[in-house]
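First comes the structure, then the notes that go with it.
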Amino acid sequence: DGVLFDSRHLYQPPALDPLAFLMMMADDGYYIYTGRDDEVIPPEVTRVRIHESVTVIRARAFRGNRNIEEVDCDNVITVEECAFYNCPSLRLVIMRG
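Positions in the sequence shown are counted from 1; adding 242 to them yields my numbering.
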């Protein structure tokens with residue numbers, strides 16, 4: 243019925259891992275990649291900044307993300323195999339580390 247509560251019942255959403263829906267976006271519009279094993283980059287993201295704590299971009303981390311155009315990272319030392327495989331829009335990777 244679309245009713246969230248009435249006088250007898252209060253709607254309780256299912257318990258969720260607070261990180262499950264965490265999408266870190268910087269003020270300048272970059273998605274912040276944190277390198278978590280379960281991290282999934284949303285398909286609408288076009289610009290990515292690698293978090294300063296990340297030193298390795300894991301294998302296949304961005305694989306198949308057809309919209310990423312730019313990746314910016316400071317402390318990355320290693321980019322593992324196929325990290326950017328099938329990312330046809332990727333045009334710029336800035337690595338300062």
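Where is the CB? At the ideal position from N, CA and C, for every residue including glycine.
What three-state label does DSSP hand residue 320 in the structure shown? strand
Residues bridged to residue 329 [DSSP beta-bridge criterion]: None, per the DSSP bridge assignment.
Status (buried if at least 16 other CB within 10 Å, exposed otherwise) for residue 319: exposed
According to DSSP, simplified to helix, strand and coil, what is residue 312? strand
What are the start and end residues of the beta strand (DSSP E) that includes residue 337? 334-337
Rounded C-beta distance between residue 283 and residue 273? I'm assuming under 8 Å. About 6 Å separates the two Cβ atoms, so the contact holds.
Would you report the Cα separation of residue 322 and residue 315, rounded to the nearest angstrom? 14 Å
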